[in-house]
Structure formats: C-alpha cells, structure tokens
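Undergrad: Just passing along the structure, written as structure tokens.
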Amino acid sequence: MTNPGCQRFEGLCTLVAAGAATHEEQDVFKNHLEEGCLACNEAHKEFFEINADWVNQLTPLPPSPLVRERLLTAMTQEAEIIPQKAKGFDLARGVGRSRYKERATWPTIHWPWAIGWAFAALFGILLFSNIQKDRQATQKMEAQLQSLHLAVAEKEAALHLIKTRQTQVVTLGGLAPSPNAAAKVFWNAQANTGLLITFDLPLLPLGKVYQLWAIQDAGPFDAGIFSPDPEGTSTLKIKSIPDPQQPVGLFAITIESEGGSPQPTGEMVLKGTI
Amino acid sequence: MPADLDQHAAALVAMQGIVRRDAAAFAMFYDRHAPMVFAFLCKMFTNRTEAEDVLQETFWQVWREACNYDSSRGSPVAWLVQIARSRGIDRLRQLRLKAQRDAGPLEDWHDKIQTQPTAEMTIATEDAHLAIHNEMDKLPLEQREAIMLAFFNGLTHQEISKRLLTPLGTIKTRIRLGMQKLYEAFKERDCVND
C-alpha cells in the first residue's frame, strides 16, 4: 500500500482513515504527507474515497430545512457580520445576533494565560524592586567604604607625622575663658604640615568657630578652623603656611565667626609657644 | 460508472462556483449532498439536533474553505465527507469529555450522550447499518467492530481498546487489517468498473 520506506506510516494511515488516530497521530501523519510522500498521499486519498463511498451507500435522510436556511442567511450576511478570520462561527446559536457582536468587541479571555501573565508581571515587578533596593544598598555601602578608606588614610598620615623625627610637639594651654582646655600641635616645618588635637574645649554658640593661627614674625597665618565634638575633642590637619622657611613662634586658637577670619579678631582661648 | 462520473463532474462544477462565492452553486451542492452527509451524521449521533449542528458546521466550512480544496487529493465528496467526519469526531470527543466530567466512567459515555431517537432516526440508523454492513460483511467481526467504533463513534484506538477490553496493539492490528482489506476490495472494484 505504501512504499517500503514508509512502513511505519502504513499503520498510521489506516488509523487516520478509520478515524481512530489521536490528534497527535493525525498531526504526525499530516506532516508526513506534507513532506511529499507520493505513496502515502495516494493511499490517504484512496482511503478517503472509500470513506466517501461508504457514506454514499447510506439511505439519504433530509435534514431540517432550517439548516439550509441558516446557512444561506449566514452566507448573505457574512461580509457584513462575520470577520474573515472568524472560522468556526457558531451558526447553530444564531447568525449575527448580539452575542456574536459582543464577542467581536470583547475578545475571549483565556484565564489560565491571563493569571499566568499576571503572576509573571508581579514577579517581574518584585524582582525589579528588589534589584533597585540592592543597588541602592550597594551604593550606600560603597560610599561608606570610601569614607572609611579616607579615614584610614588620614589616621595613617597622622601616625606618620607623629612618628617622624623632625616633628615638634607644642602644648597649648587654656587661657582665661576656658582654663581647663588643652591642645597639642604636632608640627613638621620641613614638610609644612601639622596636626592639632584639642581636649575639653567648650562648645560654641551657633555662628562661631575656633580658628588656629600659626604665628611667625611676619604675622599670624590661618592654619584652619574647627568645631569640637560634645566632649570638647577635635582633630585638625593644619593647613600649609605660605613661608615654611620662616620659623613659627607660637600657635594660638581664637574664637571667630563662622567661616573664619583672615586675621584674629576674637578672644584667644589657647596658646602654646614652640 | 457514468452516474458516478456525472456526480463527480457536477460536484466539481459546484465547487468551482463555491470558490467564486456563488450562493446558487453552494445551494446546489448542499441539496445534492446534505441528505447523504446527514444520514452519516445520524449514524454518529442518534441525537438529531447534534447531527444537524454538525451538518451545518460542515457546510459552513465548505463555504469558507472551498478555496483550500485540492482536486488532486480527492473528489469533492470525499473532501466533504472528510470534513463531516472530522467535525463529527470533534463533537463526539467534546461530548465525551463533557459526559466524563458530568457523569464519570468512560465506558458509558456514548450511551449517556444519546437521547431517545425518533422513529425516523431509528429507521435511518437501521438503514445505515444495513448499507454499511453490506460493504463490510466480508470482514471478520472483530475487525468490523473496531472500524465501526472508530468511524461512526469517533473513538480513538486507545478508547476502543478500553471499551472492548482488548490490548491496544491488537486493536491497531484489527483496524489496519480491516482497512487494508477494504482498500483492496475498493481497488478491485475500481478496476472492474474501469
């Protein structure tokens, strides 16, 4: 019946012809036919002629005239009512009735798919939100890490300054406004750098800061402004002075307006001579 | 056979008209073949309403898809019967699933979807049995039974196997052998007619 290469389709062909094949088997056989197997196409054709022949042998039975009428009505109204893609139109339930029009306006919702897509969308939103949160947390941690790196670098620089042989240590004593206060300056004239550490300095009112002065023969030079913490402690990296070759005679701390002053104008609270 | 040739030629002419969206050609095709297709569907469904629904769907598909008909793959009547049978099998399988959902056991689904046939339907069914049996009488009973269950009741080989409590392979073999015999008989008859 089929050619020798198609033996596995021979049985399938008879199943399809008898109507006993499953949908999957029908698809397999249809694909085989579409591949162009002449023998199977011929056998398939013959089987369907046999089927038609059987049916032709039946005693004809006239259907209700309504079926014909519905079909002809549907055909004449087709262009007006039925979209070209609307295959499988349910004629039994009426032609062009409002039910169909509703369908045309409101497409059928496939709930399993709709629910699936909704879950997928929700999952996507949650995932995106978590990624955003993680990204923000990462950025924050990176900033903290950078800040810690800077702090460590400052501490290392301070330690290096203290350990350097040329560094001089100047003790500043508290004057009348804050006699209990004290400070130490670590000054390296060769490197034109230094460090101030204060103890027990009182907190200042808003708009006021402490300012350190490096006083040479040429006059006082701004060495930096600072505000102590609530315990009166502060650490300040001293600014470079314009002419480090000239010896610094003393360091003094005054109270100045916020932002500092080019020359000392406020009350002196600490002083120390080298 | 000249009558067959006339019928084939008339069906081809009608199909050409249907492809051109000629309603008169469709009406002619319907008037000529609908009673035969309906008799076949009444064999599949003893419920007349179901049979008429499927008949309507079948001819609607002919109208919509006439341009897909390929005369090299068979006669218009074979194409029409193929559509009717596919539609019928689809409907039977839908009804079977519904009956399974509603009532449970698979074995009784076919009886459950049938309503009491009218006297007209009973006669038609008996006629159909006779006609089909004339064609299949030469087949062994078990082969005939398997083919009839597939052809008219829309059962897959798996369902026939369950229904007849027979191994799947045996059912497939019965269908294959029965169909091959019918095929040979058909070819032989064609040769004689030629």
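Chains as they are written, first to last, in the numbering used here: chain E, 16 to 289; chain X, 930 to 1123.
Don't be surprised by glycine CBs; every beta carbon is placed ideally from N, CA and C.
Here the structure is a predicted model, which is why all the values come from computation and not from measurement.
Taking the beta strand (DSSP E) that A314/E belongs to, which residues open and close that run?
TA: This structure cannot settle anything about residue 314/E, because the visible part of chain E is limited to 16 through 289.
Undergrad: Suppose the cutoff is 6 Å on Cβ atoms and the five residues either side in sequence are ignored; what does the same chain contact list for F236/E look like?
TA: Position 221 of the first sequence, counting from 1, holds the residue named residue 236/E. Excluding positions up to five away in sequence, the list reads A229 and I256.
Undergrad: So which residues on chain E does M957/X lean against when the C-beta distance must stay under 9 Å?
TA: On the second sequence, position 28 is the one that residue 957/X refers to. What M957/X touches in chain E: nothing, since even the nearest Cβ is about 12 Å away.
Undergrad: Just to make sure I have the definition right: I need the residues of chain E whose C-beta is within less than 7 Å of the C-beta of H1086/X. Which are they?
TA: For the purposes of this step, residue 1086/X is taken as the residue at position 157 of the second sequence. Neighbours of H1086/X on chain E, chain order: L30 and A35.
Undergrad: By DSSP, does I1018/X sit in helix, in strand, or in coil?
TA: Taking the first residue of the second sequence as position 1, residue 1018/X is located at position 89. If DSSP states are grouped into helix, strand and coil, I1018/X belongs with the helices.
Undergrad: Figure out for me which residue from P220/E, A191/E and F201/E has the closest Cα to the Cα of V184/E.
TA: Residue mapping note: residue 184/E aligns to position 169 of the first sequence, counting from 1. Closest option to V184/E, Cα to Cα, is F201/E.
Undergrad: Of all the residues that make up the stretch 996 to 1019 of chain X, which are near chain E by a beta-carbon distance shorter than 7 Å?
TA: Listed in sequence order: R1002, G1003, S1004, V1006, A1007, V1010, Q1011, R1014 and I1018.
Undergrad: Measure the beta-carbon distance from L1009/X to V966/X and round it to whole angstroms, keeping in mind my assumption that it falls under 8 Å.
TA: On the second sequence, residue 1009/X is found 80 positions in, with the first residue counted as 1. On the second sequence, residue 966/X is found 37 positions in, with the first residue counted as 1. Confirmed, about 6 Å.
Undergrad: Assuming the contact rule is C-beta atoms closer than 8 Å, M90/E and F955/X should be a hit. Round their C-beta distance to whole Å, please.
TA: For the purposes of this step, residue 90/E is taken as the residue at position 75 of the first sequence. For the purposes of this step, residue 955/X is taken as the residue at position 26 of the second sequence. Their Cβ separation, rounded to whole angstroms, is 7 Å, which keeps M90/E and F955/X in contact under 8 Å.
Undergrad: Between the Cα of Q1072/X and those of A35/E, E282/E, T288/E and Q22/E, spot the shortest distance and give me the residue it belongs to.
TA: Taking the second sequence and counting its residues from 1, the one referred to as residue 1072/X is at position 143. The shortest C-alpha separation from Q1072/X is found at A35/E.
Undergrad: DSSP state of L219/E, grouped into three classes?
TA: Your numbering for residue 219/E matches position 204 in the first sequence. Looking at L219/E - three-state DSSP - the assignment turns out to be coil, as it is neither helix nor strand.
Undergrad: Roughly how many whole angstroms lie between the Cα atoms of L190/E and E246/E?
TA: Indexing the first sequence from 1 puts residue 190/E at position 175. Indexing the first sequence from 1 puts residue 246/E at position 231. Roughly 18 Å between the two C-alpha positions.
Undergrad: Name the chain E residues whose beta carbon is nearer than 7 Å to that of G1083/X?
TA: For the purposes of this step, residue 1083/X is identified with residue 154 of the second sequence, where counting begins at 1. Within chain E, the residues near G1083/X are G34.
Undergrad: Can you say whether R150/E is buried or exposed, counting buried as having 16 or more other CB atoms within 10 angstroms of its CB?
TA: Your numbering for residue 150/E matches position 135 in the first sequence. The residue is exposed, with fewer than 16 neighbouring Cβ atoms inside 10 Å.
Undergrad: Helix, strand or coil: which one does DSSP assign to K199/E?
TA: As a first step, residue 199/E must be located in the first sequence, where it is residue number 184. Reduced to three states, the DSSP call for K199/E is strand.
Undergrad: Quick one: which residues of the stretch 142 to 157 of chain E get their C-beta closer than 9 Å to a C-beta of chain X? List them in chain order.
TA: The stretch 142 to 157 of chain E vs chain X, Cβ under 9 Å: nothing.
Undergrad: With distances taken between CB atoms, is the gap from L1097/X to L1078/X smaller than 9 Å?
TA: As a first step, residue 1097/X must be located in the second sequence, where it is residue number 168. As a first step, residue 1078/X must be located in the second sequence, where it is residue number 149. Cβ atoms of L1097/X and L1078/X: not closer than 9 Å.
Undergrad: How long is the line joining the alpha carbons of A1007/X and H125/E, rounded to whole angstroms?
TA: The count along the second sequence starts at 1 and reaches residue 1007/X at position 78. The count along the first sequence starts at 1 and reaches residue 125/E at position 110. The straight-line gap from Cα to Cα measures roughly 36 Å.
Undergrad: Pop quiz: E282/E and V224/E are said to be a contact at Cβ under 8 Å. What is the actual Cβ separation, rounded to whole angstroms?
TA: For this step, residue 282/E is matched to residue 267 along the first sequence. For this step, residue 224/E is matched to residue 209 along the first sequence. That pair is no contact at about 13 Å.
Undergrad: Count the other CB atoms within 10 Å of the CB of Q1011/X; is the residue buried (16 or more) or exposed (fewer)?
TA: Indexing the second sequence from 1 puts residue 1011/X at position 82. With 16 or more other Cβ atoms within 10 Å, it is buried.
Undergrad: So with CB distances below 7 Å, who are the chain E contacts of E981/X?
TA: Here residue 981/X corresponds to residue number 52 of the second sequence, with the count starting at 1. Per Cβ cutoff of 7 Å: P78, S79 and V82.
Undergrad: What are the boundary residues of the beta strand (DSSP E) that includes S272/E?
TA: Position 257 of the first sequence, counted from the start, is the residue given in the question as residue 272/E. Run containing S272/E: V263 to S272, per the beta strand (DSSP E) assignment.
Undergrad: In this structure, how does DSSP classify Q41/E when only helix, strand and coil are distinguished?
TA: Here residue 41/E corresponds to residue number 26 of the first sequence, with the count starting at 1. Residue state, collapsed to three classes: helix.
Undergrad: In terms of alpha-carbon separation, which member of D258/E, W69/E and C52/E lies closest to D1066/X?
TA: Counting from one through the second sequence, the residue named residue 1066/X turns up at place 137. With distances taken between Cα atoms, D1066/X lies closest to W69/E.
Undergrad: Name the chain X residues that come within less than 7 Å of I65/E, Cβ to Cβ?
TA: Looking up residue 65/E in the first sequence gives position 50. Those within 7 Å of I65/E in chain X are L1111, Y1112 and F1115.
Undergrad: Go ahead and pull the three-state DSSP assignment for S276/E.
TA: On the first sequence, residue 276/E is found 261 positions in, with the first residue counted as 1. In this structure, S276/E counts as coil in the three-state DSSP scheme.
Undergrad: Check whether the stretch 70 to 79 of chain E touches the stretch 1105 to 1117 of chain X, taking contact to mean three or more Cβ pairs, one atom from each stretch, closer than 8 Å.
TA: Taking 8 Å as the limit for Cβ pairs, the verdict is that the stretch 1105 to 1117 of chain X does not touch the stretch 70 to 79 of chain E.
Undergrad: Taking 9 Å as the CB-CB cut-off, is P75/E touching chain X?
TA: Taking the first residue of the first sequence as 1, we reach residue 75/E at position 60. Yes - at least one Cβ of chain X is within 9 Å of the one on P75/E.
Undergrad: Helix, strand or coil for G258/E per DSSP?
TA: Stepping through the first sequence from its first residue, residue 258/E is reached at position 243. Looking at the sequence shown, residue 258/E is not Gly but Asp. In the structure shown, D258/E sits in coil (DSSP, three-state: anything other than H, G, I, E or B).
Undergrad: Start and end of the beta strand (DSSP E) containing K252/E?
TA: As a first step, residue 252/E is located in the first sequence; it is residue number 237 there, counting from the start. From DSSP, the beta strand (DSSP E) with K252/E extends over S249 to I253.
Undergrad: Starting from G239/E and walking both ways along the beta strand (DSSP E), at which residues does that stretch end?
TA: Position 224 of the first sequence, counting from 1, holds the residue named residue 239/E. Counting along the chain, the beta strand (DSSP E) containing G239/E begins and ends at G234 to F241.
Undergrad: DSSP state of K972/X, grouped into three classes?
TA: Translated into the one-based positions of the second sequence, residue 972/X becomes position 43. K972/X: helix per DSSP, three-state reduction.
Undergrad: By DSSP's criteria, M283/E is part of a beta bridge. Which residues make up the other side?
TA: One-based indexing of the first sequence puts residue 283/E at position 268. For M283/E, which the question treats as bridged, DSSP gives the partners T269/E.
Undergrad: Under the three-state reduction of DSSP, which class applies to L210/E: helix, strand or coil?
TA: Reading the first sequence from its first residue, position 195 is the one you call residue 210/E. Three-state DSSP puts L210/E in a strand.
Undergrad: Which value, in whole angstroms, describes the spacing of the CA atoms of H1086/X and I1100/X?
TA: To locate residue 1086/X, count along the second sequence from 1; it is residue 157. To locate residue 1100/X, count along the second sequence from 1; it is residue 171. Straight-line Cα distance between these residues: approximately 6 Å.
Undergrad: From the DSSP output, in three-state form, read off Y959/X for me.
TA: Here residue 959/X refers to the residue found at position 30 when the second sequence is read from its first residue. Y959/X falls in the helix class under three-state DSSP.
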